[in-house]
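Mind the numbering: the sequence shown is residues -26 to -1, 1 to 464 in mature numbering (1 follows the signal peptide of the UniProt record, and there is no 0), read in order. By construction, the Cβ of each residue, glycine as well, lies at the ideal position given by its N, Cα and C atoms. Before any comments, here is the structure.
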Amino acid sequence: MLFALLTKVPLMVRVALLHMLRLSQQSKYLDLRTELTVSVIRSIATPSTPKTITATQKMAAKAPKLKGKIWVSTYACPLPPAGETGLQDAIAAAIDGLRDPQFAPPTYQMSDPASVEAEWTGYRADATSDSRLPDVSQEELYGELMKEVKTPVTVLYFHGGAYYMMDPATHRPTTKTLAKLTGGRVYSVRYRLAPQHPFPAALMDALMSYLALLYPPEGAFHEPVKPEHIVFAGDSAGGHLALCLLQLLLHLRQKAHHIPWHGTARPLPLPAGVAVHSPWFDIFHTSPSTKTNAPFDYLPTLHQQLASEAVRPPCQAWPATPPRKHLFAADDLLTHPLVSLILARSWAGAPPVYVCTGWELLADEDKYVAHKMWREGVRVVLEEFEAMPHCFGLLFPGLAEARRCLEGWAGFLRGVVVGDGDDHDNDDGSNKEGKEKGGSRFVTVRAKTLEEVRIEPGELWTESEEVVLGRVWKGARERGVLLGEGVAKL
């Protein structure tokens, strides 16, 4: 790591000089340390000689030692009984029901269920920074965690990492903070990663984890959790997974679907809400911000991604067999609304949704989907942080903007469950249209000052849906995804 940083010294000198001379775009908004950090991360994320997928996964899974003001109890949800296919049947029904009817049914391999681990995470108030977990069973650790839980807030959390990296262990600082700020607990899911386990494996694990909260299998540590006490949450690809699970539930509920779960047919209620940070919606990266916001973000642009993949050395996991174009999903599914969520036809009936984004590559798709949800009657809170990069709330815990992000995020999580007004829904009534749609709120949070500037709904997104989707289909064609004659006419 030290050698890697030493190779970045020329870059750091150049960035520092431009910042001090006020010649960089970021210098108006960011302090020197933050601008340097973003620049170094960007350089690391776009290597000229990328590592293999398996080497990248191994490196990205490294996490700090488990100590400090945190409780962690690991639980593994068991497989359903042999012959019970409710999970597969529900997901297959949604894949078929949500696909564009002008296309033939997609060809893909349905995932088999697997035992899904998750980390129950809570805040440990009386611990020191060096405190280790006591040497007791996981069930006893859960009991200790619950002694410090003050509210019924239960966060079903999905970590980010582009669906092929990271782990609940890497996200413990974030889940611990959310537990602290909500007074609740977090159930952070160790879902299966691509490319070894492509879509819909992660979605199946997410559904299984939600069912485990609602209807605990025999031997679970926890009591059944009421749906009105559960909020889905996640960052980046984890935000995608949280909203993908919501889309699945919305579709299945239209069919009055009950799902067999450990021998009993169970209803599928909606959670209290969904709260996501820098969510990923467009798998083809076609929004204008994927280019215009590049100076403020560390994520690689589409051009950089494709260039990197072209020279990535092979390994056991990738390229896949049979071959496919994307790590996450089979080619036939890349334009499916459960894979590219920007193509979702409707969010009507969804519970309240919170979106935090920055001046990042994904900003436009985040704002477009938030605006679409609002138009369809969903209560939406969107906070756009000026000049902030992707997932800044996780990466820069000491930054005032990051603290404000986590406070807003946790405030929403708490507010939709306990209704104490901490969900940042302080609409003063001046936005009549927003009030009629359930108190939706859109703001820009200024860099450094944290001043909040209200965004009117009509200003949040101005392009038509036809223009946005046309860009997505164009991007799909350019990536070599077969679309059919119907889309070609768009």
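Cβ distance (whole Å) where THR30 is taken to contact ARG388 below 8 Å: Against the sequence shown, residue 30 aligns to sequence position 56. Against the sequence shown, residue 388 aligns to sequence position 414. In fact, because the Cβ distance is near 36 Å, the residues do not count as touching under 8 Å.
Same chain, Cβ closer than 8 Å to SER105, neighbours up to 5 away in sequence not counted: For the purposes of this step, residue 105 is taken as residue 131 along the sequence shown, with counting starting at 1. Closer than 8 Å at the Cβ level, and outside the excluded window around SER105, lie LYS41, GLY42, LYS43 and ARG98.
Helix, strand or coil at PHE173 according to DSSP, with G and I counted as helix: Taking the sequence shown and counting its residues from 1, one reaches residue 173 at position 199. Of the three classes helix, strand and coil, the one that applies to PHE173 here is coil, per DSSP.
8 Å CB neighbourhood of PRO288 in its chain, flanking five on each side removed: Taking the sequence shown and counting its residues from 1, one reaches residue 288 at position 314. So the qualifying residues of the chain are THR26.
Identity of the residue in VAL129, PHE255 and ALA268 nearest VAL390 by Cα: Taking the first residue of the sequence shown as 1, we reach residue 390 at position 416. Closest by alpha carbon: VAL129.
Neighbourhood of PRO198 by C-beta distance below 7 Å, restricted to the same chain and skipping five residues each side: In the sequence shown, residue 198 corresponds to position 224, counting from 1. Hits under 7 Å: LEU188, TYR189 and PRO190.
Check whether LEU380 and THR151 have beta carbons under 8 Å apart: Numbered from 1 along the sequence shown, position 406 holds the residue referred to as residue 380. Numbered from 1 along the sequence shown, position 177 holds the residue referred to as residue 151. Closer than 8 Å, so yes.
Exposure of GLU407, with buried meaning 16 or more beta-carbon neighbours within 10 Å: By 1-based counting over the sequence shown, the position of residue 407 is 433. Below a pLDDT of 50, predicted positions are generally treated as unreliable, and GLU407, at 37, falls in that range; no measurement from the model is reported.
Complete runs of the alpha helix (DSSP H) confined to the segment 50 to 113 [at least 4 residues]: Runs of the alpha helix (DSSP H) inside the segment 50 to 113: 60 to 72.
Segment contact flag, the segment 342 to 358 with the segment 306 to 313, C-beta cutoff 8 Å, min 3 pairs: Contact check between the segment 342 to 358 and the segment 306 to 313: fewer than three CB pairs, one atom from each, fall below 8 Å, which does not count as touching.
At least 3 beta-carbon pairs within less than 8 Å: the segment 354 to 370 vs the segment 267 to 274: Yes, the segment 354 to 370 touches the segment 267 to 274.
Residues that LEU130 bridges to, as DSSP identifies them: On the sequence shown, position 156 is the one that residue 130 refers to. DSSP, once it has assigned bridges, lists TYR161 and PHE206 as partnering LEU130.
GLY389 - partner residues in DSSP beta bridges: By one-based count along the sequence shown, residue 389 stands at place 415. Bridge partners of GLY389: none, in fact.
Rounded C-alpha distance that separates ILE18 from ARG453: Against the sequence shown, residue 18 aligns to sequence position 44. Against the sequence shown, residue 453 aligns to sequence position 479. Cα to Cα, the separation comes out at about 25 Å.
6 Å Cβ shell around SER(-3) - same chain, five flanking residues per side excluded: Indexing the sequence shown from 1 puts residue -3 at position 24. So the list reads LEU(-9), once near-sequence residues are dropped.
Buried or exposed by the 16-neighbour rule on C-beta atoms within 10 Å, applied to PRO245: Walking along the sequence shown from the start, residue 245 turns up at place 271. Taking a 10 Å sphere around the C-beta of PRO245, we find 16 or more other C-beta atoms and assign the residue as buried.
Rounded C-alpha distance that separates GLY393 from ILE257: Indexing the sequence shown from 1 puts residue 393 at position 419. Indexing the sequence shown from 1 puts residue 257 at position 283. If you take the alpha carbons of GLY393 and ILE257, they lie about 35 Å apart.
For SER404, the three-state DSSP class (helix, strand or coil): Residue numbering aside, residue 404 sits at position 430 when the sequence shown is read from its first letter. Because SER404 carries a pLDDT of 33, less than 50, the predicted location of this residue cannot be relied on, and no value is offered for it.
Residue closest to LYS(-19), alpha-carbon to alpha-carbon, out of LEU181, MET(-7), SER1 and ARG16: Stepping through the sequence shown from its first residue, residue -19 is reached at position 8. Comparing Cα-Cα distances from LYS(-19) to each of LEU181, MET(-7), SER1 and ARG16, the minimum goes to ARG16.
CB contact flag (PRO360, ARG415, <8 Å): Within the sequence shown, residue 360 is the residue found at index 386, counting from 1. Within the sequence shown, residue 415 is the residue found at index 441, counting from 1. Rather than Pro, the amino acid found at residue 360 in this sequence is Glu. No, the Cβ-Cβ distance between GLU360 and ARG415 is not below 8 Å.
Backbone secondary structure at ILE429 - three-state DSSP: Position 455 of the sequence shown, counted from the start, is the residue given in the question as residue 429. Secondary structure of ILE429 (DSSP, three-state): coil.
Start and end residues, alpha helix (DSSP H) containing ARG16: For the purposes of this step, residue 16 is taken as the residue at position 42 of the sequence shown. It spans 6 to 19 - the alpha helix (DSSP H) in which ARG16 sits, taken as one unbroken run.
Option nearest GLY134 by Cα separation, candidates PRO243, HIS251, GLY332 and ALA268: Sequence index remark: in the sequence shown, residue 134 carries index 160 (1-based). Ranking the options by Cα distance to GLY134, first place goes to HIS251.
Where the alpha helix (DSSP H) containing GLY367 begins and where it ends: Position 393 of the sequence shown, counted from the start, is the residue given in the question as residue 367. Going by DSSP, GLY367 is part of the alpha helix (DSSP H) stretching over 366 to 369.
Closest Cα partner of SER22 within the set GLN278, GLY413 and MET120: Taking the first residue of the sequence shown as 1, we reach residue 22 at position 48. Checking every option, the nearest Cα to that of SER22 belongs to GLN278.
LEU356 in three-state terms, based on DSSP: Taking the first residue of the sequence shown as position 1, residue 356 is located at position 382. The DSSP-derived three-state label of LEU356 is strand.
Where VAL46 falls: helix, strand or coil (DSSP): Position 72 of the sequence shown, counted from the first residue, corresponds to residue 46. DSSP places VAL46 in strand when its eight states are reduced to three.
Residues near GLY223 in its chain [Cβ-Cβ closer than 7 Å; skip 5 each side]: The residue labelled residue 223 in the question sits at position 249 within the sequence shown. It should be pointed out that residue 223 corresponds to Leu in this sequence rather than to Gly. Excluding residues within five positions, the ones whose Cβ falls inside 7 Å are LEU242 and LEU244.
Own chain, CB closer than 6 Å to SER210, minus 5 neighbours either side, in chain order: Within the sequence shown, numbered from 1, the residue matching residue 210 stands at position 236. Excluding sequence neighbours, SER210 sits near GLY134, SER252, TRP254 and CYS365.
Buried versus exposed, by CB contacts within 10 Å (16 or more), HIS33: In the sequence shown, residue 33 corresponds to position 59, counting from 1. His is not the amino acid found at residue 33; the sequence shown has Met there. By the neighbour-count rule (16 or more Cβ atoms within 10 Å), MET33 is not buried but exposed.
Residue environment, ARG353, which counts as buried when at least 16 other CB atoms sit within 10 Å: Here the question's residue 353 lines up with position 379 in the sequence shown. Burial call: buried.
Residues bridged to TYR184 (per DSSP): The sequence position of residue 184 within the sequence shown is 210, counting from 1. None, per the DSSP bridge assignment.
Boundaries of the alpha helix (DSSP H) in which ARG349 is found, first to last residue: For the purposes of this step, residue 349 is identified with residue 375 of the sequence shown, where counting begins at 1. In this chain, the alpha helix (DSSP H) harbouring ARG349 covers 337 to 349.
Distance, LEU424 Cα to ARG(-13) Cα: On the sequence shown, residue -13 is found 14 positions in, with the first residue counted as 1. On the sequence shown, residue 424 is found 450 positions in, with the first residue counted as 1. Their Cα atoms are separated by approximately 28 Å.
At least three beta-carbon pairs within less than 8 Å, the segment 172 to 183 to the segment 53 to 68: Three or more pairs of CB atoms, one per stretch, sit closer than 8 Å, so the segment 172 to 183 contacts the segment 53 to 68.
Of the listed residues LEU335, GLN112 and TRP94, nearest to HIS259 (C-alpha basis): On the sequence shown, residue 259 is found 285 positions in, with the first residue counted as 1. HIS259 has its Cα closest to that of LEU335, out of LEU335, GLN112 and TRP94.
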